[in-house]
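In what follows, a single structure is set out as structure tokens and then discussed.
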Amino acid sequence: MKYKAFHKLSYGLYIIATELAGKKYGYIGNTAFQVTSSPSQIAISSHKKNHTTDKIIGSGSFSMAVLKKEVNTSLIGEFGFMSGTDIDKFRNVETITSKTGAPIVTDSAVAWFDCKVVKTVDLGTHMLIVGEVLDSDILSDEEPLTYAYYREKYKMLSPKNSPTYIERDILGKEEEPKPETTAEKESNSEKGSGSDNMNTFTCTICGFRYDPEEGDPTMGIPPGTPFEDLPDDYKCPICNASKEYFRED
Ligand code: FE
């Protein structure tokens, strides 16, 4: 089996949220899709270990916010890689409610859906939850974020609880079919020798990979900056973890 084949499936990225007993719960999901049009139903696949899963089933409702392409990455860090038991994920985000009362995150969102749970299917590690859409709206004409863009731009992998999670070790063993482009060839020849401390480092919290050849433009780090030369107060652009949480690849 070729695991990288799964990367050819197209997904968006969404904030799935609910509220139960006065507390809000939410996570970033990429497995969400419309399954019927009449009535309009959306299905999500959510890990049983994800705290939000039980709460969605308990409350009988969930919201789904479609994230925009140039998403505020701190949203990905907090909703995708932090636990609601450690932080209040909703403390810095704008939310609204509609028919079901589930909180709808409007920050970095281009559209949203408010859904009533109508069916659940136990898939072993995950629950497939089908919701009937009771309300929806468009917030912006900006492009929605695709999972492929996110993975390419941030060198990220799915979090462990994602249905699309594949171990980095497995992916690393698979050959890349992509031929080297002319631009890459030039860039590779420019690198030349002496780049002995240009190893990549991975954030152990969220899986973001720092590549010295690219630097980190989001944090003002120019290409060609070895990890060792990053300022002491450098923080992971996705989850805000400090340098000590990074490990050399
Ligand atoms: Fe991180």
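The sequence shown maps to residues 30 to 278 in the working numbering. Where is the CB? At the ideal position from N, CA and C, for every residue including glycine.
- In this structure, the CA atom of L38 is about 26 Å from the CA atom of D278.
- Look at F110 here: in three-state DSSP terms it is helix.
- With the rule of 3 Cβ pairs closer than 8 Å, the segment 260-268 counts as touching the segment 101-119.
- A buried status is given to K118, since no fewer than 16 other beta-carbon atoms sit within 10 Å of its beta-carbon.
- For the pair K128 and D170, the CB atoms are not nearer than the 8 Å cut-off.
- For E181, the enclosing alpha helix (DSSP H) stretches over residues 176-183.
- Distances between the C-beta of I45 and the heavy atoms of ligand 1 are all 7 Å or more.
- Annotation for H76: the continuous beta strand (DSSP E) segment containing it runs 69-76.
- Boundaries of the beta strand (DSSP E) harbouring D166: 155-167, taken from the DSSP string.
- Under a 10 Å Cβ-count criterion, K52 is classified as exposed, with fewer than 16 other Cβ atoms of the shown protein chains found around its own Cβ.
- One residue after another in chain order, those with a Cβ under 5 Å from a heavy atom of ligand 1 are C232, I234, C235, F237, C265, I267, C268, A270.
- Spanning the alpha carbons of D143 and D166 requires a straight line of approximately 9 Å.
- In the DSSP secondary-structure assignment, T231 is bridged to R238, R276.
- Residue H155 holds the alpha-carbon nearest to the alpha-carbon of N79 among P68, A131, H155.
- Check the Cα spacing between D261 and each of T102, G236, F275: the tightest is with F275.
- K98 is the residue among K98, G113, E123, R180 whose C-alpha sits nearest the C-alpha of L174.
- Rounded to whole angstroms, V159 and G55 show a C-alpha spacing of 17 Å.
- Apart from sequence neighbours up to five positions away, the residues of its chain that approach T102 with a beta-carbon distance below 6 Å are P266, I267, ordered along the chain.
- Here the alpha carbons of T47 and K189 stand approximately 21 Å from one another.
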